[in-house]
Every structure is written in structure tokens, then in C-alpha cells.
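Colleague: Residue numbers (this note's numbering), protein chains in the order written: chain C, 328 to 438; chain F, 17 to 129. Backbone N, C-alpha and C fix where the C-beta goes; we use that ideal spot for every residue, glycine too. What follows is a single structure, and I will ask about it in a moment.
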């Protein structure tokens, strides 16, 4: 089975712009979670989707949003980018159990 | 709130055993995980243990869980240069994956020749 894929792998944006990141889960997995990884804060949970519904959201501002499609693929969007949004954004898929399998991440740099 | 604590660095000699320790606070966690992250890569699931188990062994990896002390450890036998990475301990708060995993800050494993 192919693993979790994320596109693009690298992005450079400027402050104020918006960005959309994409994640394709492992085939058959219906749950997709997103995490932000920074040197200062470590790994922090953004949100989780299951069957196109957001089931939970971490402690992030409303500029961070996401969605899931009927094929379980997910996107996350960050609007009005700030310098502090520079991070590695990781997507994880799960078959519905608690075990999560991570993709390679998208490295976002905000200038 | 939930918190997971790990030492930041561990240095071992090649061929020795590495023991990475973690403490967690959420006693309702159903699963506890160890992930490995190599430079520029995502997180690789190494192993996990269910909260009603004390020990799990998988080839060179041994996980020990002490629920009373909320202490989790990962032992890597015969440590190799390819084991050099950051190791993250994670728990599922409130027993549900939908709430997201809570991670420690990670332990940098440094291998000395």
C-alpha cells in the first residue's frame, strides 16, 4: 500500500498571503489529522477529519481551516499568513483506530 | 492539562543499547506510541503499546510501560548509526484519536562510533 502523500513538499509564501496544503491518506483510511511542527512548540494538533466531518480542532486561530473530500483526501488552508506560521505541516491518516501514520510533511516558509 | 516529557538528548556508543524515557500525565490514554523522525522527513511509527500491557518487544525494540508512575521507555538493542534520529513519545489524550496525539518534544539520539 502506498503511504500518506503530501503536496507540495516545500512552499515559500509572503506575509498576508494564503496557502493550501494537500494530503492523500493511505488507501482505506478515513481519518485524516493535521499537525504543525515548529522548533519552539514542537508537534501540535491542528484538526482531525473523518468521513468529511471535522471531529476535533486544536488550539489554533480561525485562520487555520481544513476540509476532507469524499475520497478521504484532505486539504488545509492558512489565510493571512504570519511569519510564525513557518513550520513543517504533517498529515496523518488512520483506519479509524487510534494509530496514526504520517506523511513526509510540507515545509512552509513565510517571508 | 496533558503533557508528555522527554529528555532532549541521548548519546550512546554504536553497538550499545539505547534507552529513551518518557513520562506522561493522562492516565486515561489507551495507546502510547514511539515515533522516529530523521532529518527532513515525516514521522515513522516505530511501535505502540496498549495501556493494559507492561511490555512489548519487536525485534530490536522493547517498550516498557509503568502505568503507576506514568512512565514509558523505548530500548533499542545494538544501536546502529541508522538509528540516529529524533524519537517522539506520544499519547492519545482522553482515550480518543480524534482528539489528536499529544507529543513530547523529542529525544535526539546521537550515536558515537
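Quick one: residues in its chain with C-beta nearer than 6 Å to the C-beta of residue 87(F), no 5 flanking neighbours on either side, listed in chain order?
Modeller: Contacts found: 39.
Colleague: Alpha carbon to alpha carbon, how far is residue 29(F) from residue 20(F)? Give it in angstroms, no decimals.
Modeller: 27 Å
Colleague: Can you tell me whether residue 35(F) is buried or exposed? The criterion is at least 16 other CB atoms within 10 Å of its CB, across all chains shown.
Modeller: exposed
Colleague: Give the straight-line distance between the Cα atoms of residue 350(C) and residue 375(C), rounded to the nearest whole angstrom.
Modeller: The C-alpha of residue 350(C) lies about 12 Å from the C-alpha of residue 375(C).
Colleague: Three-state secondary structure (DSSP) at residue 410(C)?
Modeller: helix
Colleague: Less than 9 Å between CB atoms is the rule here; does residue 331(C) satisfy it with respect to chain F?
Modeller: yes
Colleague: Does residue 352(C) have its Cβ less than 9 Å from a Cβ in chain F?
Modeller: Judged by the 9 Å Cβ criterion, residue 352(C) is not in contact with chain F.
Colleague: Any C-beta of chain C sitting closer than 9 Å to the C-beta of residue 96(F)?
Modeller: no
Colleague: If the criterion is Cβ atoms closer than 9 Å, does the pair residue 106(F) and residue 48(F) meet it?
Modeller: yes
Colleague: To the nearest angstrom, report how far apart residue 414(C) and residue 95(F) are at their CA atoms.
Modeller: 30 Å
Colleague: So which of 50(F), 46(F) and 60(F) has the shortest CA-CA distance to residue 79(F)?
Modeller: 50(F)
Colleague: As a quick exercise: from 426(C), 409(C), 427(C) and 403(C), pick the residue whose alpha carbon is nearest that of residue 416(C).
Modeller: 403(C)
Colleague: Tell me which residues share the same chain as residue 25(F) and place their Cβ nearer than 6 Å to its Cβ, disregarding the 5 neighbours each side in the sequence.
Modeller: 124
Colleague: Do residue 63(F) and residue 74(F) have their C-beta atoms closer together than 9 Å?
Modeller: yes
Colleague: Rounded to a whole number of angstroms, what is the C-alpha to C-alpha distance between residue 455(C) and residue 419(C)?
Modeller: Outside the modelled stretch of chain C, which goes from 328 to 438, sits residue 455(C), for which no answer is possible.
Colleague: By alpha-carbon positions, which one of 437(C), 341(C), 408(C) and 335(C) ends up nearest to residue 388(C)?
Modeller: 408(C)
Colleague: Less than 9 Å between CB atoms is the rule here; does residue 425(C) satisfy it with respect to chain F?
Modeller: yes
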